[in-house]
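Beneath this line is the structure, given in structure tokens, with notes to follow.
In our numbering, the protein residues as written are 1 to 348.
Here it is, written out as structure tokens:
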């Protein structure tokens, strides 16, 4: 890959692509216009952070720009307070910004601000920066068409089946009302969130109705990084719990031991329908929170899921939510095939 002095491994053509993709995000998804101010808080600690900073500078020529590492935290907080409801804050973070106990995105939403957050960019060096930039592309017809079609089918389904490398995992239960992360904020209280986007997620209404086997090609390790075993691990799931992991690696065994020690058993909760076509089984980035949008099915292991409250699960006791990614050959909602050949086949 050719090199640029400002952006390291990221070529100028990728900066141009990022500028175009983020222009679409700003205009279509966020609906930011000249009537509102923009503030970009950034750092320059990674190639990808510098690349995104340049793309936003091109798209938001009138924005206020703050280098997080060059000012005191109070100056950043003061800049937030000068913004008015409907204004935009962009956070470009090689790690994630710490402002004492201030949970930045949550507090900005409370102020009525629109937020675009990019986090853990330093985890994605070299060619992964180009993958990340490609994942920012906002095809509104695809995301909104497929996203709303999946939600409609999920909300009406009485069961779901994931076909995974010759195995089947069956959710023999209606599913919880699906949540959308598709860049359509028209029905939401807040505008924005963490980018890249592209996901519809749910879970079984009856967690004990989840049974079968699923092959896992990637899991999130204890440092929130993508861990890809040489051979997919087969999880055996009975009554919503992982009872065995065939072909597990030492790192996966360590993860299961931690969850067992603190929660007693390993529940399967989230059923995630990832939609971002820039990420595949072979085209990965290291950061698990970014790779979570990968086109295919992901599940969460552990009792924690802040979106869906279930009787018997106390917030203080539910500690873990570990994303694992299924080898996804096909997905059925009831008897309808909704995923095959690496893509969703509804809503186009």
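Beta carbons are placed, not taken as given, at the ideal position from N, Cα and C, and that holds for glycine.
The model shown is predicted, which means the values in this text are computed figures rather than measured ones.
Run of the alpha helix (DSSP H) containing residue i, from where it starts to where it stops
i           : result
residue 133 : 127-135
residue 105 : 104-110
residue 290 : 288-291
Range of the contiguous beta strand (DSSP E) that encloses residue i
i           : result
residue 332 : 330-333
residue 252 : Careful: residue 252 lies outside any beta strand (DSSP E), inside the alpha helix (DSSP H) at 250-263.
residue 114 : 114-118
residue 192 : 192-194
residue 321 : Run containing residue 321: none; DSSP gives neither H nor E here.
residue 246 : 241-246
residue 269 : 268-274
residue 299 : 296-301
residue 66  : 64-67
residue 200 : 199-203
Under the three-state DSSP convention, the category residue i falls into
i           : result
residue 9   : coil
residue 45  : coil
residue 176 : coil
residue 340 : strand
residue 84  : coil
residue 141 : helix
residue 213 : strand
residue 151 : helix
residue 54  : helix
residue 20  : helix
residue 285 : coil
residue 77  : helix
residue 348 : coil
residue 163 : strand
residue 233 : strand
residue 158 : coil
residue 89  : strand
residue 349 : Given a span of 1 to 348 for the chain in the structure shown, any question on residue 349 remains unanswerable.
residue 29  : helix
residue 60  : coil
residue 3   : Because residue 3 carries a pLDDT of 39, less than 50, the predicted location of this residue cannot be relied on, and the following value inherits that uncertainty. Residue 3 falls in the coil class under three-state DSSP.
residue 277 : coil
residue 146 : helix
residue 123 : helix
Neighbour-count burial assignment, residue i, 16 or more Cβ in a 10 Å radius
i           : result
residue 222 : exposed
residue 67  : exposed
residue 87  : buried
residue 196 : buried
residue 231 : exposed
residue 348 : exposed
residue 94  : buried
residue 188 : exposed
residue 220 : buried
residue 1   : Because the pLDDT at residue 1 is just 28, under 50, the model does not fix this residue reliably, and the value given afterwards should be weighed accordingly. That one is exposed.
residue 30  : buried
residue 217 : buried
residue 301 : buried
residue 276 : buried
residue 71  : exposed
residue 35  : exposed
residue 260 : exposed
residue 280 : exposed
residue 326 : buried
Whole-number beta carbon distance between residue j and residue i, since they are thought to touch under 8 Å
i           : j           : result
residue 159 : residue 43  : Not a contact, Cβ separation roughly 46 Å.
residue 211 : residue 266 : Going by Cβ atoms, the distance from residue 211 to residue 266 rounds to 14 Å, so no, they are not a contact pair.
residue 167 : residue 234 : 7 Å
residue 78  : residue 51  : Going by Cβ atoms, the distance from residue 78 to residue 51 rounds to 28 Å, so no, they are not a contact pair.
residue 299 : residue 274 : The Cβ separation is near 11 Å, so there is no contact.
residue 18  : residue 133 : 5 Å
Any non-hydrogen atom of the ligand SAH closer than 6 Å to residue i Cβ
i          : result
residue 92 : Looking for the ligand SAH in the displayed structure turns up nothing, as the structure carries no ligands at all.
Proximity test, Cβ basis, 7 Å: residue i and chain B
i           : result
residue 196 : Considering every chain present, this structure includes no chain B. It has just one protein chain.
Per the contact definition of three or more C-beta pairs closer than 8 Å, is the stretch 240-253 in contact with the stretch 136-152? Contact between the stretch 136-152 and the stretch 240-253 is absent, because fewer than three Cβ pairs lie under 8 Å.
Is the stretch 177-193 close to the stretch 122-129, with three or more CB pairs under 8 Å? They do not touch, by the three-pair rule.
Cβ pair count under 8 Å reaching 3, the stretch 100-117 against the stretch 148-162: The stretch 100-117 makes no contact with the stretch 148-162; the number of CB pairs closer than 8 Å stays below 3.
Decide yes or no for the touch test of the stretch 197-210 against the stretch 283-293: beta carbon pairs closer than 8 Å, at least 3 of them. Enough Cβ pairs lie closer than 8 Å, so yes.
Are at least three pairs of beta-carbons, each pair with one atom in the stretch 310-329 and one in the stretch 150-158, less than 8 Å apart? No, the stretch 310-329 is not in contact with the stretch 150-158.
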